[in-house]
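Protein chains in written order, with this note's numbering: chain A, 1 to 444; chain B, 1 to 230.
Just so you know, even glycine gets a beta-carbon here, dropped at the ideal spot from N, CA and C.
Keep in mind the model is a prediction, meaning the values are calculated, not measured.
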Amino acid sequence: MSDNKSIPQTQPRFSATFDPYTMSEIRRAAATGIYDIRGGGAKRKLPHFDDLLFLGASVSRYPLEGYREKCGTDVVLGTRFAKKPIHLKTPVTIAGMSFGALSAQAKEALGRGASQVGTSTTTGDGGMTPEERGQSKILVYQYLPSRYGMNPNDLRRADAIEVVVGQGAKPGGGGMLLGQKISPRVAKMRCLPEGIDQRSACRHPDWTGPDDLEIKIQELREITDWEKPIYVKVGATRPYFDVALAVKAGADVVVLDGMQGGTAATQEVFIEHVGIPILAAIRPAVQALQDLGLHRKVQLIVSGGIRNGADVAKALALGADAVAIGTAALIALGDNDPHLEEEYRKLGTTAGAYDDWHEGRDPAGITTQDPELSKRLDPVKAGRRLANYLSVMTMEAQVIARACGKSHLLNLEPEDLVALTVEAAAMARVPLAGTSWVPGQQGY
Amino acid sequence: MESLSFDLSQTALREVNQFLHGADLASKVSKVSITQPDGKHAIAAGLNADVEVEIDGHAGYYAAGMNQLARVTITGSAGTGVAENMMSGSVHVKGFASNAAGATAQGGLLVIDGDAGLRCGISLKGADIVVGGSVGSFSAFMAQAGNLVILGDAGEALGDSIYEARIFVRGKVKSLGADCEEKTMGDAEKKILADLLARAGHKDVSVDSFKLYGSARTLYNFHVDNAGAY
Chain A
1 MSDNKSIPQT QPRFSATFDP YTMSEIRRAA ATGIYDIRGG GAKRKLPHFD DLLFLGASVS
61 RYPLEGYREK CGTDVVLGTR FAKKPIHLKT PVTIAGMSFG ALSAQAKEAL GRGASQVGTS
121 TTTGDGGMTP EERGQSKILV YQYLPSRYGM NPNDLRRADA IEVVVGQGAK PGGGGMLLGQ
181 KISPRVAKMR CLPEGIDQRS ACRHPDWTGP DDLEIKIQEL REITDWEKPI YVKVGATRPY
241 FDVALAVKAG ADVVVLDGMQ GGTAATQEVF IEHVGIPILA AIRPAVQALQ DLGLHRKVQL
301 IVSGGIRNGA DVAKALALGA DAVAIGTAAL IALGDNDPHL EEEYRKLGTT AGAYDDWHEG
361 RDPAGITTQD PELSKRLDPV KAGRRLANYL SVMTMEAQVI ARACGKSHLL NLEPEDLVAL
421 TVEAAAMARV PLAGTSWVPG QQGY
Chain B
1 MESLSFDLSQ TALREVNQFL HGADLASKVS KVSITQPDGK HAIAAGLNAD VEVEIDGHAG
61 YYAAGMNQLA RVTITGSAGT GVAENMMSGS VHVKGFASNA AGATAQGGLL VIDGDAGLRC
121 GISLKGADIV VGGSVGSFSA FMAQAGNLVI LGDAGEALGD SIYEARIFVR GKVKSLGADC
181 EEKTMGDAEK KILADLLARA GHKDVSVDSF KLYGSARTLY NFHVDNAGAY
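This is the structure we're talking about:
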């Protein structure tokens with residue numbers, strides 16, 4: 001007879017459904033009675049650009065010589081109606097992020113880095129700061145539902161105007177900036193009392209629907225004498241229809257943001273459960289442009305989880321004209337850096353996972369309005385890091401394009417791609433690797 | 001100083017607006033008349049000069065949008081978003097105004113002699129609006145600063161989620177929105193109201209016939225016990 005000690009024990013087993021994170025969230029909700037708020041984009045595993053591969057040149061295709069033969073990277077945005085389109089040296093742009101969500105130093109660093117490589121930055125909710133305009137050679141001015149800090153002088157000072165309908169992290173939702181970050185300067189710019197939780201409307205106050213949007217765009221053009229390109233930004237949900245309607249409303253450029261795209265702060269449940277991945281959104285958007293005969297005439301900027309030159313090349317091959325980066329740019333500035341691990345631990349997190357951007361306690365001095373923390377970020381050095389990163393992304397995309405025999409990044413095409421998974425093949429509308437099967441096409 | 005007139009049935013709107021945006025406009029012309037507007041959109045939008053502009057007839061959406069310094073009169077009615085995001089100057093609508101009149105306006109004075117539609121003064125950020133008639137529902141939604149004076153009645157959900165703006169109503173209010181409550185009108189508020197009534201051509205109307213509404217400030221910081229109001 002054996003005693004219980006000699007019976008082999010099974011390993012403790014966590015539920016796949018009630019995993020440790022899920023259980024911790026249940027306990028947190030039960031203790032506080034409020035939903036979890038955080039910054040960033042979707043953290044769950046999603047079909048993404050990693051599920052695509054390029055088919056380099058071989059016998060059937062002819063490559064370009066690396067370091068010798070030119071592979072263009074420039075892109076012109078706003079060629080449809082604007083008198084003064086935007087000329088970028090790289091198709092990698094900086095996405096809209098507000099002063100308020102970010103420190104003035106971080107905004108300045110974004111401007112410095114982008115300007116060094118000849119690309120654009122974008123304002124956010126709360127208006128345009130002198131630091132940002134001063135350091136950004138090409139600045140896109142966001143026109144948001146809240147109209148916080150909206151000023152016609154800034155509209156005229158901008159190089160392009162982006163009408164924000166939605167964003168990938170929270171399509172259908174408005175912004176929020178909690179009281180900890182409503183500093184005196186932020187409060188003044190937004191015309192709000194200090195320290196309150198600022199809620200941004202989810203709908204524009206003076207237009208509803210695509211017919212009104214057309215008239216709103218006309219007003220913006222009239223006010224700026226038809227000089228500035230007008231972008232329309234949408235969160236990725238129904239990209240075919242949203243892009244078609246934005247084009248019908250008169251957009252020069254459509255910005256399409258997938259659910260991996262970050263936010264300064266919103267509900268975790270919103271970030272993880274509303275919207276679609278950028279991989280699933282690009283082809284329907286491009287299809288809408290093609291059906292209207294306006295592909296490459298109305299430019300498409302895509303964003304949401306762009307990390308390297310391969311992602312850039314894949315987005316362009318699927319039909320985008322440019323990409324925008326937000327989270328990746330903040331990481332390049334110094335966000336979530338392991339050298340701050342001790343401080344992240346004090347905040348109950350770890351480097352790489354810090355996402356309580358709304359609390360304003362960012363030890364890297366980026367997602368904060370605390371003067372002492374903000375001072376930690378040197379805008380010159382951080383700008384240099386961003387410029388380096390943008391250059392690397394551009395060169396990486398060139399490496400891939402040359403290998404595919406393309407003399408310009410915009411010559412990349414879906415034919416250069418295959419997918420590693422059935423899901424990615426269906427979403428990107430390219431064949432599963434090693435087959436000629438594109439799920440959903442030709443009756444299969 | 002010269003007066004000029006543009007006939008919008010003969011001259012393109014773009015041409016008229018570009019003239020109005022010209023450098024040193026105020027030194028070249030004192031009054032610009034725009035005839036035959038026929039409901040065109042964005043007439044006199046984006047002005048930034050101390051000039052008088054008269055739109056003789058009905059204007060479409062966003063008439064005098066984002067106005068700075070100019071004094072604009074619309075002899076007829078105005079479409080959606082008249083004087084939206086006005087910064088300074090004045091806009092006077094002698095007829096009626098459609099939805100979102102004075103939306104997000106930061107400065108200046110908007111006077112509407114007739115009624116205004118839905119969402120009048122939505123997200124108001126410091127401007128003053130005086131409506132001679134009634135306003136539709138959801139007026140002063142999320143209004144942050146400034147004054148909305150209503151001589152007639154107000155529709156549903158007046159002042160929903162209001163911040164620090166003031167709403168003066170002479171007639172009936174169908175319902176108040178979340179976090180909006182009646183306030184006691186002190187001497188300072190009476191002075192503000194009297195001044196606005198006088199500037200809008202209603203100097204004989206008694207300030208004592210109005211009630212004042214503003215923020216109860218219970219939703220300024222999230223609290224779980226207020227969840228039902230969000």
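What are the residues of the segment 2 to 21 of chain B that lie near chain A, defined by any Cβ-Cβ distance shorter than 8 angstroms?
-> Listed by position along the chain: LEU13, ARG14, ASN17, GLN18 and HIS21.
Could you check how far apart the C-beta atoms of B/ALA165 and B/GLY152 are, in whole angstroms? I think they sit under 8 angstroms.
-> Your pair B/ALA165 and B/GLY152 does not check out as a contact, with CB atoms roughly 19 angstroms apart and the cut at 8 angstroms.
Cα-Cα separation between B/GLU2 and B/LYS31, rounded to whole angstroms | Their backbone Cα atoms lie some 7 angstroms apart in a straight line.
So is A/LEU192 in contact with chain B if we call contact Cβ pairs under 8 angstroms?
-> Contact with chain B is found for A/LEU192, since one of that chain's Cβ atoms lies less than 8 angstroms from the residue's Cβ.
Determine the closest residue to A/ALA280 out of A/ARG112, A/GLU131 and A/GLY168, with distance taken between C-alpha atoms.
-> Checked all of A/ARG112, A/GLU131 and A/GLY168; the closest Cα to A/ALA280 is A/GLY168.
Which of the three DSSP states, helix, strand or coil, is assigned to A/ILE26?
-> Under the three-state reduction of DSSP, A/ILE26 is assigned to helix.
Three-way DSSP call (helix, strand, coil) for A/SER303 in this model | Collapsing the DSSP output to three states places A/SER303 in a strand.
Excluding sequence positions up to five away, which residues of its chain have a Cβ less than 7 angstroms from the Cβ of A/GLU25?
-> Setting aside the 5 residues that flank it on each side, A/GLU25 is surrounded in the same chain by ASP36, each with a C-beta closer than 7 angstroms to its C-beta; the list follows chain order.
What is the residue span of the beta strand (DSSP E) that B/LYS31 lies within?
-> Here the beta strand (DSSP E) through B/LYS31 covers 29 to 35.
By Cβ distance, which residues of its chain are closer than 6 angstroms to A/SER98, with the 5 residues on each side in sequence left out?
-> Spatial neighbours of A/SER98 in its own chain (CB-CB distance under 6 angstroms, excluding positions within 5 residues in sequence) are listed in chain order as GLY124, ASP125 and GLY126.
Own chain, CB closer than 6 angstroms to B/SER9, minus 5 neighbours either side, in chain order | Cβ-Cβ distances below 6 angstroms link B/SER9 to GLN36 in the same chain, with the five nearest sequence neighbours on each side left out; the list follows chain order.
What number of angstroms, rounded off, separates the C-alpha of B/ASP113 from the C-alpha of B/PHE6?
-> The straight-line gap from Cα to Cα measures roughly 25 angstroms.
Closer than 8 angstroms to chain A by CB, B/PHE96 | Chain A, which has no Cβ nearer than 8 angstroms to the Cβ of B/PHE96, makes this no.
Tell me the start and end of each unbroken beta strand (DSSP E) in the segment 75 to 146 of chain B that is at least 3 residues and wholly inside, in chain order.
-> Counting only runs of 3 or more, we get 90 to 93, 109 to 112 and 125 to 131.
Would the segment 300 to 309 of chain A and the segment 199 to 206 of chain A be scored as touching if the rule is three or more Cβ pairs under 8 angstroms?
-> Output reads no: the segment 199 to 206 of chain A does not touch the segment 300 to 309 of chain A.
Under a CB-based cut-off of 8 angstroms, is A/MET150 close to chain B?
-> Closer than 8 angstroms: yes.
Counting only the same chain and skipping the five closest in sequence on each side, list residues whose C-beta sits under 8 angstroms from that of B/LYS172.
-> Once the five neighbours on either side are set aside, the close Cβ partners of B/LYS172 are ASP153 and ALA154.
Name the two residues that bound the continuous beta strand (DSSP E) containing B/ASP56.
-> Segment 52 to 56, the beta strand (DSSP E) holding B/ASP56.
From the DSSP output, in three-state form, read off B/THR73 for me.
-> Judged by DSSP in its simplified three-state form, B/THR73 adopts strand.
CB-CB under 7 angstroms to A/LYS445, same chain, minus the five flanking residues each way: which ones, in chain order?
-> This structure cannot settle anything about residue 445 of chain A, because the visible part of chain A is limited to 1 through 444.
Which value, in whole angstroms, describes the spacing of the CA atoms of A/PRO130 and A/LEU139?
-> Just so you know, the alpha carbons of A/PRO130 and A/LEU139 end up roughly 12 angstroms apart.
Quick one: does A/ILE34 have its CB under 8 angstroms from some CB of chain B?
-> Cβ-Cβ to chain B under 8 angstroms: yes for A/ILE34.
Tell me whether the beta-carbon of A/ALA106 lies closer than 8 angstroms to the beta-carbon of A/LEU377.
-> Cβ distance < 8 angstroms, so A/ALA106 and A/LEU377 count as in contact.
Using only the heavy atoms of the ligand FMN, determine whether one of them is closer than 7 angstroms to the beta carbon of B/SER30.
-> The model on display carries no ligand, and the ligand FMN is accordingly not part of it.
Do B/GLY126 and A/ILE223 have their CB atoms nearer than 8 angstroms?
-> With contacts defined by Cβ atoms closer than 8 angstroms, B/GLY126 and A/ILE223 do not form a contacting pair.
Would you decide whether B/GLU221 is buried or exposed? Buried here means 16 or more other CB atoms lie within 10 Å of its CB.
-> One detail in the question is off: residue 221 of chain B reads as Asn in this sequence, not Glu. Of the other Cβ atoms in all chains shown, fewer than 16 fall within 10 Å of the Cβ of B/ASN221; this residue is therefore exposed.
If we cut at 8 angstroms on Cβ distances, does A/ILE331 have a partner in chain B?
-> So, not an interface residue.
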